[in-house]
Amino acid sequence: MNLKTDFFNDLQEKLLPCMLHHLDSSRFPQPKFMKVRSVTERPKQVGGSDCGVYVVKYVDAICGGIQLKNAVWDPTLDILTFRYRMAWKLNRGRARHISEWGIK
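Counting from 1, position 74 in the sequence shown corresponds to residue 73 in numbering that gives the first Met the number 0; the numbering is continuous, with no gaps.
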């Protein structure tokens with residue numbers, strides 16, 4: 000398996016059930032324990048309000064097959080650029096869409 004396949008498998012098997020349980024615990028049972036691992040060789044958040052940007056960039060990189068090992072982001076310039084770029088993509092409807100994940 001590759002990093003992209005592992006990510007989507009983990010997302011479907013572990014993260015999605017946790018999110019669904021959080022949204023509606025009466026319909027979705029408590030998921031099994033989710034193992035968390037720390038990755039050390041990735042860009043780290045330094046600001047107090049940038050966590051969402053980092054999560055979106057990590058997921059986008061994994062979906063695109065981009066390795067973040069030893070990548071360096073400038074915590075001021077790059078994060079601001081990432082925010083503007085994400086806003087532009089969302090506004091233009093160019094954000095990545097995963098059609099087979101239709102949740103009812």
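Glycine included, every Cβ here is placed at the ideal spot set by N, Cα and C.
Quiz prompt | Span of the alpha helix (DSSP H) around Ala86 | solution = Leu76 to Arg91
Quiz item: With distances taken between CB atoms, is the gap from His20 to Pro28 smaller than 8 Å?
Solution: yes
Exercise. Could you spell out where the alpha helix (DSSP H) holding Lys56 opens and where it closes?
Key: Its alpha helix (DSSP H) spans residues Cys50 to Cys62.
Quiz item: When you compare only the Cα positions, how much space is there between Asp49 and Asn90?
Solution: Take the alpha-carbon of Asp49 and the one of Asn90: they are about 20 Å apart.
Quiz item: At a Cβ threshold of 8 Å, is Cys62 touching chain C?
Solution: The chain inventory of the structure shown lacks chain C, comprising one protein chain alone.
Practice problem: Pull up the distance between the alpha-carbon of Glu40 and that of Val52, whole angstroms please. | Solution: 18 Å
Quiz item: Does the distance from the C-beta atom of Ile78 to that of Phe6 stay below 8 Å?
Solution: no
Quiz prompt | When Arg82, Gln11, Pro16 and Glu12 are compared against Val55, the one with the closest alpha-carbon | solution = In this structure, Arg82 is the residue among Arg82, Gln11, Pro16 and Glu12 with its C-alpha nearest to the C-alpha of Val55.
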